[in-house]
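Worksheet: one structure, shown below.
There are 2 protein chains.
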Amino acid sequence: MASDSTRDLIVRAADELFYQRGFEKTSFADIAEVVGISRGNFYHHFKAKDDILSEVITLRACKTKEMLDMWTRNAKTPADRLRCFAQMLIENRKNIQRYGCPVGTLCSELAKLDHPSQGGAGMIFGQFRSWLREQFEALGRGVDADSLSMHLLARSQGIAALATAFHDETFIRREVELIDTWLDDLKQAPIKSRSRRAS
Amino acid sequence: MASDSTRDLIVRAADELFYQRGFEKTSFADIAEVVGISRGNFYHHFKAKDDILSEVITLRACKTKEMLDMWTRNAKTPADRLRCFAQMLIENRKNIQRYGCPVGTLCSELAKLDHPSQGGAGMIFGQFRSWLREQFEALGRGVDADSLSMHLLARSQGIAALATAFHDETFIRREVELIDTWLDDLKQAPIKSRSRRAS
Numbered sequence: 001m002a003s004d005s006t007r008d009l010i011v012r013a014a015d016e017l018f019y020q021r022g023f024e025k026t027s028f029a030d031i032a033e034v035v036g037i038s039r040g041n042f043y044h045h046f047k048a049k050d051d052i053l054s055e056v057i058t059l060r061a062c063k064t065k066e067m068l069d070m071w072t073r074n075a076k077t078p079a080d081r082l083r084c085f086a087q088m089l090i091e092n093r094k095n096i097q098r099y100g101c102p103v104g105t106l107c108s109e110l111a112k113l114d115h116p117s118q119g120g121a122g123m124i125f126g127q128f129r130s131w132l133r134e135q136f137e138a139l140g141r142g143v144d145a146d147s148l149s150m151h152l153l154a155r156s157q158g159i160a161a162l163a164t165a166f167h168d169e170t171f172i173r174r175e176v177e178l179i180d181t182w183l184d185d186l187k188q189a190p191i192k193s194r195s196r197r198a199s
Numbered sequence: 001m002a003s004d005s006t007r008d009l010i011v012r013a014a015d016e017l018f019y020q021r022g023f024e025k026t027s028f029a030d031i032a033e034v035v036g037i038s039r040g041n042f043y044h045h046f047k048a049k050d051d052i053l054s055e056v057i058t059l060r061a062c063k064t065k066e067m068l069d070m071w072t073r074n075a076k077t078p079a080d081r082l083r084c085f086a087q088m089l090i091e092n093r094k095n096i097q098r099y100g101c102p103v104g105t106l107c108s109e110l111a112k113l114d115h116p117s118q119g120g121a122g123m124i125f126g127q128f129r130s131w132l133r134e135q136f137e138a139l140g141r142g143v144d145a146d147s148l149s150m151h152l153l154a155r156s157q158g159i160a161a162l163a164t165a166f167h168d169e170t171f172i173r174r175e176v177e178l179i180d181t182w183l184d185d186l187k188q189a190p191i192k193s194r195s196r197r198a199s
């Protein structure tokens with residue numbers, strides 16, 4: 001049990017450090033220092049940083065599931081649930097302005113490293129995508145629910161990216177408001193696109 | 001002259017490697033290998049990776065200026081110029097799907113490293129922001145030209161982030177089409193927001 005607990009502490013410390021400093025930059029020594037254990041004890045639990053990354057991704061997937069489940073429980077309508085998603089940008093604005101979105105920045109870094117875990121990290125985007133799609137389906141948008149889900153996910157990623165570059169909280173709030181307005185309008189009219197308009 | 005030329009080759013190679021692998025991951029040896037010079041010759045030109053980064057940022061700023069100037073020259077109306085910006089996502093789709101947006105991913109990495117050049121990298125976003133704002137102003141959107149510029153910049157960043165995670169070209173094309181439709185609508189009606197609607 002004590003051994004499991006140390007392992008958990010290592011994964012939780014790595015989760016934060018990978019987010020704050022990046023995966024490549026974070027060393028075994030950095031993680032060991034945060035956890036307060038010796039190198040020897042550390043290597044007893046993990047031999048390779050890639051193994052820690054796999055567990056960090058699993059931890060993040062579990063935390064994402066918990067959050068999505070909570071939104072499903074606490075928000076009564078699909079529209080309110082979609083607002084919970086957008087609201088997350090405001091709730092996490094301090095961290096987002098400093099370190100970006102934990103999912104997007106990890107995916108981006110692993111893509112450049114051509115890392116075998118990039119698919120695993122992408123699965124967390126997949127969790128959001130599926131959950132958002134379900135909400136759009138519940139709003140009666142069966143045909144374009146997945147496109148709408150990807151559109152909303154992209155907007156949230158764009159807001160996070162520029163928030164990190166410009167450190168502008170007003171921008172985050174204004175964009176979240178635009179998403180809320182877009183969601184209001186969605187309930188009334190189909191999504192606009194040239195092809196659909198032409199057809 | 002020969003010395004200047006080697007220096008340029010180093011900066012151009014570093015530009016590509018920083019984009020493809022990330023700044024932290026790229027070593028002096030990686031750059032020297034691409035350029036095909038000895039370590040000794042390399043150190044004659046650059047003593048620190050941070051110095052190369054500064055020159056890479058300057059190079060990217062110059063290339064960005066050239067591209068924006070070209071769009072200004074080649075596209076006749078502000079709306080067409082804004083479409084050039086969105087079209088860039090389709091033109092660069094292969095690289096974006098593999099490595100993300102060069103500006104966004106560098107800013108994100110430098111933010112996590114808390115690197116002194118993060119402001120410099122952010123200036124490239126600033127170039128796009130100013131240029132986009134000018135186009136929206138020319139469209140008669142003086143009051144909210146900067147908000148519209150940031151909105152469009154954010155959408156492009158979000159598209160790039162998800163394109164890297166999902167490798168989905170159809171998604172890129174669909175989102176660029178939505179931007180085109182949004183630009184069409186903008187010419188006719190003010191941007192929708194709750195606060196403005198309520199006022």
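For the protein sequence lines, the chains are A and B, in the order given.
According to my numbering, the first sequence is numbered sequentially starting from 1.
According to my numbering, the second sequence is numbered sequentially starting from 1.
No residue lacks a Cβ here, since even glycine has one placed at the ideal position from N, Cα and C.
Every value quoted in this text rests on a predicted model; they were computed, and no experiment measured them.
Pick from the options: whose alpha carbon is nearest that of residue i?
i: CYS101 of chain A; options: A:PHE125, A:ALA79 and A:GLY120; result: A:PHE125
i: VAL56 of chain B; options: B:LYS25, B:VAL103, B:ILE90 and B:PHE42; result: B:VAL103
i: ASP168 of chain A; options: A:LEU89, A:GLY119 and A:GLU24; result: A:LEU89
i: ASP50 of chain A; options: A:ARG141, A:PHE85, A:MET70 and A:PHE18; result: A:PHE18
i: ALA121 of chain A; options: A:THR58, A:SER38, A:ALA48 and A:HIS44; result: A:THR58
i: ALA145 of chain B; options: B:LYS63, B:LEU82 and B:PHE171; result: B:LEU82
i: GLU153 of chain B; options: A:GLU24, A:PRO116, A:LEU106 and A:GLU175; result: The question names Glu, yet the displayed sequence has Leu at residue 153 of chain B. The option with the nearest alpha carbon to LEU153 of chain B is A:GLU175.
i: ASP184 of chain B; options: B:ILE37, B:HIS44, B:ALA79 and B:GLY40; result: B:ALA79
i: ASN95 of chain A; options: A:ILE37, A:THR181, A:TRP182 and A:GLU16; result: A:GLU16
i: HIS151 of chain B; options: B:HIS44, B:SER130 and B:HIS115; result: B:SER130
i: GLU177 of chain A; options: B:HIS115, B:SER147, B:GLU91 and B:MET123; result: B:SER147
i: PHE166 of chain B; options: A:GLU33, A:GLU91 and A:MET123; result: A:MET123
I'd like to check one pair, residue j with residue i: are the Cβ atoms closer than 8 angstroms?
i: THR164 of chain B; j: GLN97 of chain B; result: yes
i: LEU139 of chain A; j: LYS76 of chain A; result: no
i: LEU132 of chain B; j: SER149 of chain B; result: yes
i: SER108 of chain B; j: SER54 of chain B; result: no
i: GLU24 of chain B; j: LYS25 of chain A; result: yes
i: ARG93 of chain A; j: ILE172 of chain A; result: yes
i: ILE179 of chain B; j: ARG141 of chain B; result: no
i: LEU113 of chain B; j: GLY22 of chain A; result: yes
Please list the partners that residue i has in chain A, where partner means a Cβ-to-Cβ separation under 8 angstroms.
i: GLU24 of chain B; result: GLY22, GLU24 and LYS25
i: ILE159 of chain B; result: ALA154 and GLY158
i: TYR99 of chain B; result: ALA111 and LYS112
i: GLY122 of chain B; result: ALA165 and PHE166
Starting from the C-beta of residue i, find all residues in its chain whose C-beta is less than 8 angstroms away, skip the five residues before and the five after it, and write them out in chain order.
i: VAL35 of chain A; result: THR6, LEU9, ILE10, ALA13 and PHE42
i: ILE52 of chain B; result: ILE10, VAL11, ALA14, ILE31 and PHE46
i: GLN157 of chain B; result: CYS101 and GLY104
i: GLN127 of chain B; result: ALA61, THR64, LYS65 and LEU68
i: CYS84 of chain A; result: TRP71, ASN74 and ALA75
i: ALA29 of chain B; result: ARG39
i: ILE160 of chain B; result: Rather than Ile, the amino acid found at residue 160 of chain B in this sequence is Ala. These residues qualify, in order along the chain: LEU89, ILE96, GLY100, CYS101 and GLY104.
i: SER199 of chain B; result: Because SER199 of chain B sits at a pLDDT of 33, beneath the cut-off of 50, its placement in the model cannot be relied upon, and the point is left open.
i: GLU33 of chain B; result: none
Name, please, each residue of chain B whose Cβ falls closer than 8 angstroms to the Cβ of residue i.
i: GLU137 of chain A; result: Those within 8 angstroms of GLU137 of chain A in chain B number zero; the least Cβ separation is about 18 angstroms.
i: THR77 of chain A; result: Chain B residues near THR77 of chain A: none, gap ~18 angstroms exceeds 8 angstroms.
i: HIS151 of chain A; result: GLU175 and LEU178
i: SER130 of chain A; result: The premise fails here: SER130 of chain A is roughly 13 angstroms from chain B at the closest Cβ pair, so nothing lies under 8 angstroms.
i: CYS107 of chain A; result: ALA161, THR164 and ALA165
i: PHE125 of chain A; result: LEU162, ALA165 and PHE166
Using a cut-off of 7 angstroms between C-beta atoms, extract the partners of residue i located in chain A.
i: SER147 of chain B; result: ARG174
i: PHE28 of chain B; result: In chain order: nothing, as chain A lies at least about 16 angstroms away.
Measuring from the CB of residue i, is there a heavy atom of the ligand SAM at a distance below 7 angstroms?
i: MET70 of chain B; result: Questions concerning the ligand SAM fall outside what the structure shown contains, since it holds no ligand whatsoever.
Can you list, in chain order, the residues of its chain with a C-beta nearer than 7 angstroms to that of residue i? Leave out the 5 residues immediately preceding and following it.
i: ALA111 of chain A; result: GLN118
i: GLN20 of chain B; result: TYR99
i: ILE37 of chain A; result: THR6
Kindly list, in the order they appear in chain B, the residues whose Cβ is closer than 9 angstroms to that of residue i.
i: ALA48 of chain A; result: Those do not exist, as ALA48 of chain A stays about 17 angstroms from chain B at its closest Cβ, beyond 9 angstroms.
Along chain A, in chain order, which residues have C-beta atoms closer than 9 angstroms to that of residue i?
i: LEU113 of chain B; result: ARG21, GLY22 and LYS25
Once the 5 residues before and after residue i are set aside, which same chain residues still bring their CB inside 6 angstroms of it?
i: GLU137 of chain A; result: ALA145
i: LEU106 of chain B; result: ALA121
i: GLN135 of chain B; result: PRO78, ARG81 and LEU82
Going along chain B, which residues have a C-beta under 7 angstroms from residue i?
i: GLY200 of chain A; result: Chain A is shown only over 1 to 199; residue 200 of chain A falls outside these bounds and no answer can be derived.
i: PHE171 of chain A; result: MET150
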